[in-house]
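Participant: Submitted below is the structure of interest, expressed as C-alpha cells.
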Amino acid sequence: MNQSVPQIQFSSVTKMYGSVPAVRDLSLTVRRGEFLTILGPSGSGKTTTLMLLAGFEAPSSGDIMIAGHSVASVPSYRRDQGIVFQSYALFPHLTV
Numbered sequence: 135m136n137q138s139v140p141q142i143q144f145s146s147v148t149k150m151y152g153s154v155p156a157v158r159d160l161s162l163t164v165r166r167g168e169f170l171t172i173l174g175p176s177g178s179g180k181t182t183t184l185m186l187l188a189g190f191e192a193p194s195s196g197d198i199m200i201a202g203h204s205v206a207s208v209p210s211y212r213r214d215q216g217i218v219f220q221s222y223a224l225f226p227h228l229t230v
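Each step along the sequence shown adds one to the number in the working numbering, with nothing skipped, and position 33 is 167.
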C-alpha cells in the first residue's frame, strides 16, 4: 500500500438535514497506521461523520475517499468498512 495515499480523507464534506447542517465543511486526513478519536459535545456531528464514512448516509456536498478511491456515492455494502458503536441505541432492533 502506498504510504502517501491517505486511508481516509474527507474533503469539504457537508451533511444537511433540511436546512440544518449536521456536519459542515469537514476536511480531515487519516493515514495508514494512525488512530483517530472523534470527541465532542452532543449534536456536534460525531455520529453523522461515522455514518457518512460507513456509507449509511450520503454527504450533501464534498467527497469521501478511502484508500484513494471516492466512496461518496458507494453504498455501505460495497465499501468493506464498518463502524462499531459504543451503544446499540442507534440500532435498537439488534441484540448482542
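Just so it is clear, CB atoms sit at the ideal spot from N, CA and C, and this is done for glycine as well.
Taking residue 156 as part of the beta strand (DSSP E), name the residues at either end of that continuous run.
Facilitator: Residue numbering aside, residue 156 sits at position 22 when the sequence shown is read from its first letter. First-last of the beta strand (DSSP E) with residue 156: 154 to 164.
Participant: What are the boundary residues of the alpha helix (DSSP H) that residue 182 is part of?
Facilitator: Within the sequence shown, residue 182 is the residue found at index 48, counting from 1. Counting along the chain, the alpha helix (DSSP H) containing residue 182 begins and ends at 180 to 188.
Participant: For residue 192, does the count of other Cβ atoms within 10 angstroms reach 16, so buried, or fall short, so exposed?
Facilitator: Numbered from 1 along the sequence shown, position 58 holds the residue referred to as residue 192. With fewer than 16 other Cβ atoms within 10 Å, it is exposed.
Participant: Kindly indicate the opening and closing residues of the beta strand (DSSP E) around residue 215.
Facilitator: Counted from its first residue, the sequence shown places residue 215 at position 81. Per DSSP, residue 215 belongs to no beta strand (DSSP E) and is neither H nor E.
Participant: Just verifying my parser: in three-state terms, what is the DSSP assignment at residue 171?
Facilitator: By 1-based counting over the sequence shown, the position of residue 171 is 37. Note: residue 171 maps to coil in three-state DSSP.
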